[in-house]
Amino acid sequence: MIGYYVHHQGRGHLHRAMCIASRTPDQVTLLSSLPRPAAWTGPWVPLPTDTADDPLDPTAGGRLHWVPLHHPGHRERMGIIAQWIRRESPSLFVSDVSVEAAALARLMGVPVVVAAMRGDRKDPAHRLGYDLADALLAPWPHTVPEPGWPAHWHAKTVHTGSISRY
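Going by my numbering, the letters in the sequence shown line up with residues 458 to 623, in that order.
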């Protein structure tokens, strides 16, 4: 069993997750606050939204991307992910893309794959997510490595080339 966190911004994360899931022999459970797509026939864990108009310390002093204090939706969302991990004991957790979901899975002893993104990812939150990942999934060719990445990120990067639903 593989858990796959799907970010709610846009539909690219979802399309990529569905493409990857269709190619793996393992059962994949998608966890997201997006509406479940009609085309998805596998397990789906709906997550509450965690948006906030005036969040309190949402970055934990600049160390993370989104951890607003005293936010019931965020607390419920992380609790559901933790309960799912505890109940299902997945062999792997893919985060596409949330440093916080990746860190939660790793804190619970689950190997983590993080969907890598191009560009400057040297802020503290991205460094944490990429450092704790067992593998980085890079949807670009290995012939065009990301410049400026530390050697230990390159060493654990799996270059897939582009991933398309078409």
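Every residue, glycine too, gets a C-beta built ideally from N, C-alpha and C.
Note that the coordinates shown come from a computational prediction; the quantities given were computed from them, not determined experimentally.
Contacts around residue i, its chain only, beta-carbon distance under 8 Å, and the 5 residues preceding and following it disregarded
| i | result |
| --- | --- |
| E545 | M458, G460 and T486 |
| K455 | Any property of residue 455 remains undetermined from this structure, which presents the chain solely from 458 to 623. |
| V463 | H470, L471, A474, L487, L488, S489, L491 and D553 |
| R543 | M565 |
| R520 | P581, A582 and L585 |
Three-state class that DSSP yields for residue i in the structure shown
| i | result |
| --- | --- |
| S479 | helix |
| Y461 | strand |
| P503 | strand |
| L585 | helix |
| H616 | strand |
| L594 | strand |
| A496 | coil |
Sequence-distant residues of the same chain with beta carbon closer than 6 Å to residue i, five excluded per side
| i | result |
| --- | --- |
| D483 | I459 |
| A559 | S552, V569, V571 and G586 |
Per DSSP, the bridge partner or partners of residue i
| i | result |
| --- | --- |
| T486 | G460 |
| V601 | V601 is not bridged to any residue. |
Sequence-distant residues of its chain with Cβ nearer than 7 Å to residue i (five each side left out)
| i | result |
| --- | --- |
| R468 | none |
| R563 | V569 and L589 |
Are the region 487-505 and the region 515-527 touching, with three or more C-beta to C-beta distances below 8 Å? The region 487-505 vs the region 515-527: no contact.
Minimum length 3: unbroken beta strand (DSSP E) runs contained in the region 523-569: As far as the region 523-569 is concerned, its whole beta strand (DSSP E) runs of at least 3 residues are 549-553.
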